[in-house]
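Every number in my numbering is 133 more than the matching position in the sequence shown, counting from 1.
Cβ coordinates follow ideal geometry from the N, Cα and C atoms, glycine included.
Please read all numbers here as calculations on a predicted model, not as lab measurements.
What follows is a short report on a single structure.
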Amino acid sequence: MNSKTLIGVLLGVAAFAVALILPIEGLELSARITLGIFLFAAIFWISEPIPIYATSMCVILLQVMLLSGQGFVFSPRNAPVAETEAVEGGALIVPASALSEDGFLYLNKQGKSVGKIKPASVEALGGGRLAVVGKGLTEEVVVIADPTHRSITSGAGSYSAFYNTLASPIIMLFLGGFALAASAVKFGLDKNLTRVLLRPFGTKPAMVCLGLMVSTATLSAFMSNTATTAMMMTVVLPIVASVAVSDPFRKCVALAVPVAANIGGIATPIGTPPNAVALAALKENGINISFSNWMVLAVPFTLILLVFAWWVLMAFFKPETKTLEIKLDGKFNKSPKAIASYVIFAVTVLLWVTEKLHGISTTMVAFLPIAALPALGVLDKKDIRGFSWEVLWLVGGGISLGLSMKETGLAVWLIGLVSWNTLGALGVVIVFGIVGYLIANLISHTVAATMIMPLAITVGAALAAAGGFNLVASIVSITAIVSCAMVLPISTPPNAIAMATGIIETKDMAKVGITVGVAGLVLAIVFCLTFWPAVIS
């Protein structure tokens with residue numbers, strides 16, 4: 134274990150322990166445990182002493198063991214048991230202290246959960262005893278002696294609530310996207326779509342660059358940004374080879390792909406994991422955004438930012454060559470399995486964008502490719518093993534953490550530390566947008582969204598309840614800003630792939646990333662205040 138890893142582990146464990154041990158005004162034990170888990174996860178996600186998806190697994194483990202009603206802390210196993218006695222007439226004699234102020238007896242159900250029952254009649258017997266009569270009150274029931282015990286007052290739920298986040302509809306949506314992407318790559322649909330999309334742009338360098346960006350953004354809206362970039366780099370490298378070493382256009386096309394991939398992922402719910410984090414947070418607050426609604430909100434933003442990014446690249450790296458000859462050979466695979474892949478892809482996307490017409494939710498439609506592609510033999514077990522399962526674990530851990538922050542009151546306590554009302558709607562979006570942008574440039578976009586979204590949704594929901602604040606517009610804005618973070622090679626995998634070609638330098642990426650990122654931040658805020666509220670209403 135190197136020193137960086139050791140420091141990360143020690144800091145994460147220390148932060149968890151401090152939050153757990155120190156009394157914090159306004160926070161119950163369950164909220165302090167959640168705060169400790171949050172700090173532990175944040176430090177581990179940033180320093181990466183273990184893989185980020187493994188941290189998400191640890192988050193769920195800690196929640197199951199420390200926050201559920203069946204774990205170590207809040208289980209009724211730890212609650213004192215009252216001495217009871219059954220007497221004639223169907224009465225059960227219990228200590229008076231076992232009856233809560235609101236007249237309930239709390240029962241230990243096989244040491245796994247807490248139940249409660251309100252006796253039909255209660256008679257004082259003296260000596261601190263009560264004779265209670267009610268359905269189910271028999272000698273076999275185990276009555277908890279202290280109705281103020283933490284297993285009762287904490288409101289801890291079942292461990293299954295944390296496990297259920299791994300089967301969240303948002304997880305299924307992404308899994309459907311993975312299935313479609315895998316089939317597209319397997320039968321060359323992605324490359325053939327690139328060929329079709331690039332052909333109309335001709336041979337002028339500026340138009341070739343625009344064609345590359347449009348093709349990349351289109352593919353990354355439905356595929357992994359990383360996979361799209363890796364595939365598109367196979368198109369870029371022959372272009373680079375045909376251009377003189379001194380021509381700035383080499384850097385232009387090498388940067389065009391990762392920039393377009395990052396922007397294109399914003400366009401659809403399955404385009405990038407931060408979108409899933411945002412959708413899950415909204416869903417927890419009873420707001421469901423359909424596939425088509427998300428596109429109505431995000432596509433105009435994506436197109437404007439994509440065109441601006443193209444202009445920036447052409448301004449920073451003006452081409453010297455006048456024409457480019459690009460070989461666009463290839464043809465569509467016409468095998469039965471390939472055709473089945475094309476049909477399932479087309480039907481799924483069509484159902485996604487027409488949800489308002491047929492009423493079947495986006496997350497339900499997502500299971501079509503998950504089930505149909507393996508059933509038709511389009512995907513085999515090797516293909517399924519190749520899915521980005523670690524992304525699903527990461528998103529699931531984030532959803533689970535958000536659930537705990539909400540249920541234990543930690544999120545409410547955190548927003549109480551800042552006078553958000555004095556900032557106003559614009560101030561809230563700017564603060565969260567800037568924080569998200571800065572964090573996402575240093576760590577994974579998904580991790581950044583996972584860290585800030587529970588707090589952002591709680592603040593937004595509180596302001597929305599007070600009036601004058603559009604929760605959906607603010608969350609979409611913050612999500613878009615996070616995806617615009619692309620200053621460094623470590624900011625996002627597409628950046629790292631482009632950097633690995635050796636064509637560009639960090640300073641090239643930084644000046645483009647800062648310019649496009651700041652423009653994206655400003656554009657998202659403008660959309661949040663103008664276009665998105667108008668569309669949502």
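Asked: Proximity of Pro302 and Thr612 at Cβ, strictly below 8 Å; Found: no
Asked: Residue of Ser537, Leu556, Ile614, Ile608 minimising C-alpha distance to Leu571; Found: Ile614
Asked: Distance between Leu238 and Leu232 (C-alpha atoms, nearest Å); Found: 5 Å
Asked: For Val676, three-class secondary structure by DSSP; Found: The structure shown does not extend to residue 676, since the chain is modelled only from 134 through 670, so no value can be given for it.
Asked: Whether Ser201 touches Gly529 by CB criterion (8 Å); Found: no
Asked: Residue from Ile185, Ala448, Ala312 whose Cα sits closest to the Cα of Val524; Found: Ile185
Asked: Endpoints, the alpha helix (DSSP H) within which Gly646 is located; Found: 639 to 662
Asked: Stretch pair the stretch 636 to 651 + the stretch 582 to 600: three plus CB contacts closer than 8 Å; Found: no
Asked: Option nearest Pro213 by Cα separation, candidates Val247, Thr271, Ala317, Met538; Found: Val247
Asked: Range of the contiguous alpha helix (DSSP H) that encloses Glu218; Found: Unbroken run through Glu218 is the beta strand (DSSP E), 218 to 220; no alpha helix (DSSP H).
Asked: Rounded Cβ spacing between Ala652 and Leu438 (contact assumed at less than 8 Å); Found: 7 Å
Asked: Cβ shell of Leu457 (< 8 Å), same chain only, five flanking positions each side left out; Found: Thr336, Lys337, Pro338, Val341, Ile372, Ser375, Val376
Asked: Cα-Cα separation between Asn628 and Pro433, rounded to whole angstroms; Found: 24 Å
Asked: Beta-bridge partners of Tyr186, as assigned by DSSP; Found: Paired residues: none, contrary to the question.
Asked: Given 8 Å, three or more beta-carbon pairs between the stretch 311 to 328 and the stretch 358 to 365; Found: yes
Asked: Rounded Cβ spacing between Ala174 and Val192 (contact assumed at less than 8 Å); Found: 5 Å
Asked: Uninterrupted beta strand (DSSP E) stretches inside the stretch 576 to 632 (no shorter than 3 residues); Found: none
Asked: Beta-carbon proximity check, Val429 vs Gly531, cutoff 8 Å; Found: no
Asked: Under the three-state DSSP convention, the category Glu453 falls into; Found: coil
Asked: Rounded Cβ spacing between Asp516 and Lys249 (contact assumed at less than 8 Å); Found: Incorrect: roughly 50 Å between the Cβ atoms, too far for contact.
Asked: Identity of the residue in Lys384, Pro469, Gly309, Ala595 nearest Lys539 by Cα; Found: Ala595
Asked: Distance between Met346 and Thr648 (C-alpha atoms, nearest Å); Found: 17 Å
Asked: Nearest-angstrom beta carbon gap, Ile630 and Pro391 [assumed within contact, 8 Å]; Found: 7 Å
Asked: Nearest to Pro452 (by Cα), restricted to the options Ser537, Val265, Asp380; Found: Asp380
Asked: Alpha carbon of Arg283 to alpha carbon of Glu216, nearest angstrom; Found: 20 Å
Asked: Buried or exposed by the 16-neighbour rule on C-beta atoms within 10 Å, applied to Val440; Found: exposed
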